[in-house]
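K.L.:
Structure below; questions to follow.
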Amino acid sequence: MRLEYMVAAALVMDVFLGDPRWFPHPVRFIGWFAGVAEEKCRSIFRDPGRAGAAVVFSVLLATVLCGAAVIHGAGWLSPLAGNVCSVILLYFCLAGKDLAAHSRAVYQALDADDLDAARGRVGMIVGRDTSVLGCRGVIRACVESVAENTVDGITAPLFWAVMIGPLGALVYKSINTMDSMFGYRDERYADFGRIAARLDDAANFLPARLTGLFMVAAACLLGLRCADSWRVFRRDRLNHASPNAGHAEAAVAGALGIRLGGDGVYYGRLVRKPDLGIDVLKPEPGLILKANSLMTATTVLFVIVLFAARVGVSLLFFKT
112 MRLEYMVAAA LVMDVFLGDP RWFPHPVRFI GWFAGVAEEK CRSIFRDPGR AGAAVVFSVL
172 LATVLCGAAV IHGAGWLSPL AGNVCSVILL YFCLAGKDLA AHSRAVYQAL DADDLDAARG
232 RVGMIVGRDT SVLGCRGVIR ACVESVAENT VDGITAPLFW AVMIGPLGAL VYKSINTMDS
292 MFGYRDERYA DFGRIAARLD DAANFLPARL TGLFMVAAAC LLGLRCADSW RVFRRDRLNH
352 ASPNAGHAEA AVAGALGIRL GGDGVYYGRL VRKPDLGIDV LKPEPGLILK ANSLMTATTV
412 LFVIVLFAAR VGVSLLFFKT
């Protein structure tokens, strides 16, 4: 099966099925394995940096071996089985429907004037302490999460799938999972998680920048603040502690005419973060739905342009 058909099938599955909690999920298995590997490697290596490097190596090796075994083992039984397994693995690497559903639940709570419920729901998709957030703070946190997770949950897996194949998306998710588990700057993980965090930065470098550009284009197609999206993207995309997270957030902030970022409470500690965006509009619940529309339009543009580029390169360098 051609790769573009696999990607299309995986996207359709994500749209209709989302993330069924009852089904064994390879990304959750990766997280479990990483936790076990952390415990074992910390007991073997005294140096946290070496222990973290051993965990990264172990998780990546296990991901490649298991993923390749599933795909090629199924392909050995029949080409159809191999294609089906490839599509399913790629589908498990996508999180678009769940991201939209979680953010829509926040919108519904705010629309019903239930701030406590909205705080609880946005707390499921952000790392900050949401108990101290007002209505506008909840909206900003939700929009930021949609912007950032468009990269982690959709465009970056698709990028690596198009570049390498379904196994590339699975390897990316293993890197991203390790970063979410170990990529902290506290005493426990500052050294241990350094390699996982740097690897995640490298894996997201191109997808994050492309996503920011496509979000600007999506803002134009959706009739949002196209010029502001481009201006804020260029001005604020590097105004972030993460080398990658600011690109999508800046584009979305400009498109919606609001300010994102700023200080937040994380695990009981005040973290000072720069602002991104503009204060043209006051955050209101409907902006969450617009952020979801931006996510969807960005995904469509991303896939179309990426495959067009892939076809163009193939015709240019591999035509017979």
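Just add 111 to the spot in the sequence shown (first one is 1) and you have this note's numbering.
The beta carbon of each residue, even a glycine, is placed where N, CA and C say it ideally should be.
1) Find out if the Cβ-Cβ distance for the pair I182, S197 is shorter than 7 Å.
2) Near R370, what residues of its chain come up, given a Cβ to Cβ distance below 8 Å and the 5 sequence neighbours on each side ignored?
3) In whole angstroms, give me the CA-to-CA distance for D88 and G294.
4) Using the Cβ count rule (16 or more neighbours within 10 Å means buried), how would you classify E395?
5) Taking the continuous beta strand (DSSP E) assigned at V376, which residues delimit it?
6) How many angstroms separate the CA atom of R232 from the CA atom of P131?
7) In the DSSP assignment, find the unbroken alpha helix (DSSP H) run with D290 in it and report its ends.
8) Is G423 helix, strand or coil when you go by DSSP?
9) Consult DSSP for V382 and reduce its assignment to one of helix, strand or coil.
10) Quick check on DSSP: helix, strand or coil for G234?
11) DSSP beta-bridge partners for G388?
12) Going straight from the alpha carbon of R247 to that of A272, what length do you get?
13) Tell me whether the region 128-142 and the region 280-289 touch, counting them as touching only if at least three CB pairs, one residue from each stretch, are closer than 8 Å.
14) Can you check whether the CB of F316 is closer than 7 Å to the CB of P159?
15) Among the residues of its own chain, which have a CB less than 8 Å from the CB of A179, if the five just before and after it don't count?
16) Under 7 Å, do A164 and I265 count as touching if we go by C-beta distance?
17) Is it the case that the Cβ atoms of K208 and V123 are separated by a distance below 7 Å?
18) So, helix, strand or coil for R348, using DSSP?
19) Between T431 and G193, what straight-line distance do the alpha-carbon atoms span, to the nearest angstrom?
20) Would R153 and G375 be called neighbours here (beta carbons separated by less than 7 Å)?
21) Run through the region 124-155 for me and flag every whole alpha helix (DSSP H) of 4 or more residues, listed as ranges in chain order.
22) Do N403 and A228 have their beta-carbon atoms positioned less than 7 Å apart in this structure?
23) Give the single residue among G276, W133, R348 and L400 whose Cα lies nearest to the Cα of C253.
24) Whose CA, out of L244, Q219, Y377 and V243, lies closest to the CA of D297?
25) If we ignore side chains and look at the alpha-carbon of each, how far apart do V237 and V217 end up?
26) In terms of residue numbering, what span does the alpha helix (DSSP H) encompassing M326 cover?
P.N.:
With the structure as the only source:
1) Counting from one through the sequence shown, the residue named residue 182 turns up at place 71. Counting from one through the sequence shown, the residue named residue 197 turns up at place 86. The answer is yes: Cβ separation under 7 Å.
2) As a working note, residue 370 is residue 259 in the sequence shown. Closer than 8 Å at Cβ, skipping near neighbours: R251, A364, D386, L387, G388, I389 and D390.
3) Residue 88 is absent from the model: the chain starts at 112 and stops at 431.
4) Taking the first residue of the sequence shown as 1, we reach residue 395 at position 284. Around the CB of E395, fewer than 16 other CB atoms lie within 10 Å, so the residue is classed as exposed.
5) As a first step, residue 376 is located in the sequence shown; it is residue number 265 there, counting from the start. Counting along the chain, the beta strand (DSSP E) containing V376 begins and ends at G375 to Y377.
6) Translated into positions along the sequence shown, residue 232 becomes position 121. Translated into positions along the sequence shown, residue 131 becomes position 20. Cα to Cα, R232 sits roughly 18 Å from P131.
7) On the sequence shown, residue 290 is found 179 positions in, with the first residue counted as 1. Taken as a continuous stretch (DSSP letters only), the alpha helix (DSSP H) holding D290 covers P277 to F293.
8) Translated into positions along the sequence shown, residue 423 becomes position 312. Looking at G423 - three-state DSSP - the assignment turns out to be helix.
9) As a position in the sequence shown, residue 382 is number 271, starting the count at 1. Under the three-state reduction of DSSP, V382 is assigned to strand.
10) If you number the sequence shown from 1, residue 234 lands on position 123. Here DSSP, grouped into helix, strand and coil, assigns G234 to coil.
11) Counted from its first residue, the sequence shown places residue 388 at position 277. Looking at the DSSP assignment, G388 forms a beta bridge with R370.
12) Sequence index remark: in the sequence shown, residue 247 carries index 136 (1-based). Sequence index remark: in the sequence shown, residue 272 carries index 161 (1-based). C-alpha separation (whole angstroms): 36 Å.
13) Yes, the region 128-142 is in contact with the region 280-289.
14) Position 48 of the sequence shown, counting from 1, holds the residue named residue 159. Position 205 of the sequence shown, counting from 1, holds the residue named residue 316. In this structure, P159 keeps its C-beta atom at 7 Å or more from the C-beta atom of F316.
15) The residue given as residue 179 occupies position 68 in the sequence shown. Taking C-beta separations shorter than 8 Å and ignoring five residues to either side along the sequence, the partners of A179 in its chain run L278, following chain order.
16) Translated into the one-based positions of the sequence shown, residue 164 becomes position 53. Translated into the one-based positions of the sequence shown, residue 265 becomes position 154. Result no, Cβ atoms of A164 and I265 do not sit closer than 7 Å.
17) Residue mapping note: residue 208 aligns to position 97 of the sequence shown, counting from 1. Residue mapping note: residue 123 aligns to position 12 of the sequence shown, counting from 1. In terms of Cβ geometry, K208 and V123 do not form a close pair [threshold 7 Å].
18) For the purposes of this step, residue 348 is identified with residue 237 of the sequence shown, where counting begins at 1. Judged by DSSP in its simplified three-state form, R348 adopts coil rather than helix or strand.
19) Here residue 431 corresponds to residue number 320 of the sequence shown, with the count starting at 1. Here residue 193 corresponds to residue number 82 of the sequence shown, with the count starting at 1. Residue placement at T431 cannot be trusted, given a pLDDT of 49 that sits under 50; what the coordinates show is reported in the next sentence. One C-alpha to the other measures close to 28 Å.
20) The count along the sequence shown starts at 1 and reaches residue 153 at position 42. The count along the sequence shown starts at 1 and reaches residue 375 at position 264. Not closer than 7 Å, so no.
21) Given a length threshold of 4 residues, each whole run of the alpha helix (DSSP H) inside the region 124-155 is given here in chain order: 137-155.
22) Looking up residue 228 in the sequence shown gives position 117. Looking up residue 403 in the sequence shown gives position 292. No.
23) Against the sequence shown, residue 253 aligns to sequence position 142. Among G276, W133, R348 and L400, the Cα nearest to that of C253 belongs to L400.
24) In the sequence shown, counting from the first residue as 1, residue 297 sits at position 186. The candidate whose alpha carbon is nearest that of D297 is Y377.
25) Taking the sequence shown and counting its residues from 1, the one referred to as residue 237 is at position 126. Taking the sequence shown and counting its residues from 1, the one referred to as residue 217 is at position 106. Cα to Cα, the separation comes out at about 12 Å.
26) Counting from one through the sequence shown, the residue named residue 326 turns up at place 215. Segment R305 to L332, the alpha helix (DSSP H) holding M326.
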